[in-house]
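Here is the structure we will look at.
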Amino acid sequence: MYIARAFAQQAQFFAAVANAAAGLPQPVLSITPSLGSDWNGESAVFFQIVLADGTPRGQLLNLTRQISQSIVHQVQPLEEWGVLPYFNFRTQSEEARVREPVWA
Amino acid sequence: MAYADELLELAQDIAGLHPDQTHQSSLRRAVSTAYYALFHLLISDATANWSRPESRGALARVFDHGPMKQAADKKVSELNSYFKERPPDGPERTVAYHLYNLADVFAQAQYHRNEADYNTARRWELTEVLIHIDGIADAFKSWRIIRDEPVAQAYLVSMLPSKERRQNERPNPERRPTLTDGPKS
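Chains A and B, in that order, are what the protein sequence lines are.
Numbering-wise, the numbering used here puts 95 at position 93 of the first sequence, and it's gapless, one number per residue.
Numbering-wise, the numbering used here puts 91 at position 26 of the second sequence, and it's gapless, one number per residue.
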């Protein structure tokens, strides 16, 4: 059975991500990687990235693309660690809202 | 207006239906519809190569999400290796950039479409949805720049299901254990 290197050496993988995250531009507040499987059953890493509020809408696409490409370029999730990378971005206030308990 | 363009426009409209609240069903439908816009854009261009228009609809049904995702992942990986070699500026690099953009956006969009359609535990927010839709709109632009290039046409063919890819998808054909199986010797 094949186990992706990112799963077998999680501490090293997360250290590589943290290292890449350190050089990212100012609006990036946090990057949370989690390992799992995608909808096709492939080993994957899911990056949840929180951006500071107030980034203009017109700049969001270029900014998020720079961030994801920088991580892919530095970490090489698929080539070096055997996991397909997926990215998701939220603003700080959206992230806070998602974490609020839902009572209804 | 072509069907794919209509779908993209619809995704943008749906995302904006409730700008002041996170209306989950609208945001989910917007993510899913945007993915299908790109899905149908690629399939319509692939089938347009078939000279008999009346057969294109049937041909379109040959395309499937799984093989198209595999083709996208493979192309992203190939182009990551290409860009790592720092190729010189020029038409080849420009085409590669746009093809990378298209394949990468497709792979991400399909994942998010599955999340939107099937993961009811996930809560969506407007910004992430707008980023997805803007990315897909940008992939439309990339595709229209390179659609007649030989590598773009080859990419369309690579989306077709193949016997080789089906074999790779097939799980390990071990016999399913039964209650009457004895202990392993």
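Glycine included, C-beta positions come from ideal geometry on N, C-alpha and C.
Here the structure is a predicted model, which is why all the values come from computation and not from measurement.
Pair within 9 Å by beta-carbon distance, residue i and residue j
i, j, result
"Ala174 (chain B)", "Ala125 (chain B)", "no"
"Trp41 (chain A)", "Glu180 (chain B)", "yes"
"Leu144 (chain B)", "Ala172 (chain B)", "no"
"Trp189 (chain B)", "Arg93 (chain B)", "yes"
"Ala161 (chain B)", "Phe148 (chain B)", "yes"
"Ile51 (chain A)", "Phe15 (chain A)", "no"
"Leu106 (chain B)", "Phe128 (chain B)", "no"
Own chain partners of residue i with C-beta closer than 7 Å, once the 5 adjacent residues on each side are dropped
i, result
"His130 (chain B)", "Gln175"
"Ala18 (chain A)", "Val77"
Residue i versus residue j: straight-line alpha-carbon distance, rounded
i, j, result
"Gly25 (chain A)", "Leu31 (chain A)", "12 Å"
"Thr62 (chain A)", "Ser223 (chain B)", "According to the sequence displayed, residue 62 (chain A) carries Leu and not Thr. Distance between the alpha carbons of Leu62 (chain A) and Ser223 (chain B) is about 31 Å."
"His102 (chain B)", "Leu221 (chain B)", "It should be pointed out that residue 102 (chain B) corresponds to Ala in this sequence rather than to His. Taking the straight line from one Cα to the other gives about 16 Å."
"Thr93 (chain A)", "Val77 (chain A)", "23 Å"
"Ile201 (chain B)", "Asp213 (chain B)", "19 Å"
"Asp154 (chain B)", "Ser70 (chain A)", "22 Å"
"His75 (chain A)", "Ser120 (chain B)", "42 Å"
"Pro29 (chain A)", "Ile73 (chain A)", "15 Å"
"Gly117 (chain A)", "Lys206 (chain B)", "Limits of chain A in this structure are 3 at one end and 106 at the other, which puts residue 117 (chain A) out of reach."
Element boundaries [beta strand (DSSP E), containing residue i]
i, result
"Arg92 (chain A)", "Leu86 to Thr93"
"Val30 (chain A)", "Val30 to Ser39"
Host alpha helix (DSSP H) of residue i (start-end)
i, result
"Phe148 (chain B)", "His130 to Lys149"
"Met112 (chain B)", "The sequence as given places Thr at residue 112 (chain B); Met does not occur at that position. Where Thr112 (chain B) is concerned, the enclosing alpha helix (DSSP H) stretches over Gln89 to Thr112."
"Ala46 (chain A)", "Run containing Ala46 (chain A): none in the alpha helix (DSSP H); it sits in the beta strand (DSSP E), Ser45 to Leu53."
"Trp83 (chain A)", "Pro79 to Trp83"
Cβ neighbours of residue i in the same chain (closer than 6 Å, five flanking residues each side left out)
i, result
"Thr34 (chain A)", "Gln50"
"Phe89 (chain A)", "Phe49 and Ser70"
"Ala23 (chain A)", "Ile33"
* Meets three-Cβ-pair contact criterion under 8 Å: the region 159-168 of chain B and the region 78-94 of chain A -> no
* Asked: Between the region 188-197 of chain B and the region 115-122 of chain B, do at least 3 Cβ pairs fall closer than 8 Å?
  -> no
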